[in-house]
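Asks: 10 is the number of the first residue of the sequence shown in my numbering; add one for each residue after it.
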Amino acid sequence: QVQLGESGGGLVQPGGSLRLSCTASGNIFSIGTMGWYRQAPAKERELVATITSGGSTNYADSVKGRFTISRDNAKNTVSLQMDSLKPEDTAVYYCNANVLTHRWYEYWGQGTQVTVSS
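(1) Under the DSSP definition of a beta bridge, which residues are partnered with Ser65?
(2) With distances taken Cα to Cα, identify the nearest neighbour of Cys31 among Pro23, Ala69, Gly44 and Gly25.
(3) Counting pairs of beta carbons, one from the segment 117-125 and one from the segment 62-71, are three or more of them closer than 8 Å?
(4) With a threshold of 8 Å, are at least 3 pairs of Cβ atoms found where one atom belongs to the segment 14-32 and the other to the segment 61-68?
(5) What is the DSSP secondary structure of Glu53, reduced to helix, strand or coil?
(6) Looking at the secondary structure, which residues open and close the beta strand (DSSP E) in which Asn105 lies?
(7) For the beta strand (DSSP E) containing Ala83, list its first residue and its last residue.
(8) Could you pull the start and end residues of the beta strand (DSSP E) that Val21 belongs to?
(9) Identify every residue that forms a DSSP beta bridge with Arg112.
(10) Taking the beta carbon of Glu97 as the centre, do at least 16 other beta carbons fall within 10 Å, making it buried, or is it exposed?
(11) Between the alpha carbons of Trp117 and Ile78, how many angstroms are there, rounded?
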């Protein structure tokens with residue numbers, strides 16, 4: 010059993026910053042790509058950013074230059090630094106990881122709310 014535990018969401022004013030963190034725990038042999046997705050009310054879940062085990066990153070166009078994804082392979086942790094936040098960044102943010110236990114599985118965190126409002 011593998012769990013993804015998220016932290017760091019909250020309320021921030023436009024232009025502000027937040028940092029999200031996610032730690033994978035459990036029966037883990039290896040972790041592949043990790044990432045963050047988000048879902049705003051009445052919208053589909055969308056990719057925010059991903060990072061491979063080797064450190065290659067991919068970002069949604071809407072967050073390029075404002076968000077930075079990073080990971081610590083030794084701690085099974087992925088983080089998302091969010092700067093210059095906009096009201097349209099308001100959403101529930103979900104951590105995602107591809108984890109090798111006895112085979113590869115995709116796991117999701119429980120989600121953390123990010124609200125950008127004055």
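Yeah, the Cβ is synthetic: ideal placement off N, Cα and C, and Gly gets one too.
Replies: The short version:
(1) Secondary-structure assignment with DSSP links Ser65 through no beta bridge to anything.
(2) Residue Gly44 is the option with its Cα nearest to Cys31.
(3) As far as the Cβ criterion goes, the segment 117-125 does not touch the segment 62-71, which means the pair count is below three.
(4) Taking 8 Å as the limit for Cβ pairs, the verdict is that the segment 61-68 does not touch the segment 14-32.
(5) Here Glu53 carries a coil assignment [DSSP, helix/strand/coil].
(6) Where Asn105 is concerned, the enclosing beta strand (DSSP E) stretches over Ala100 to Leu109.
(7) Premise fails: Ala83 is in no beta strand (DSSP E) and is neither H nor E.
(8) For Val21, the enclosing beta strand (DSSP E) has its first and last residue at Gly19 to Val21.
(9) In the DSSP assignment, no residue is bridged to Arg112.
(10) Here Glu97 is exposed: its Cβ has fewer than 16 other Cβ atoms, across all protein chains shown, within 10 Å.
(11) The C-alpha of Trp117 lies about 17 Å from the C-alpha of Ile78.
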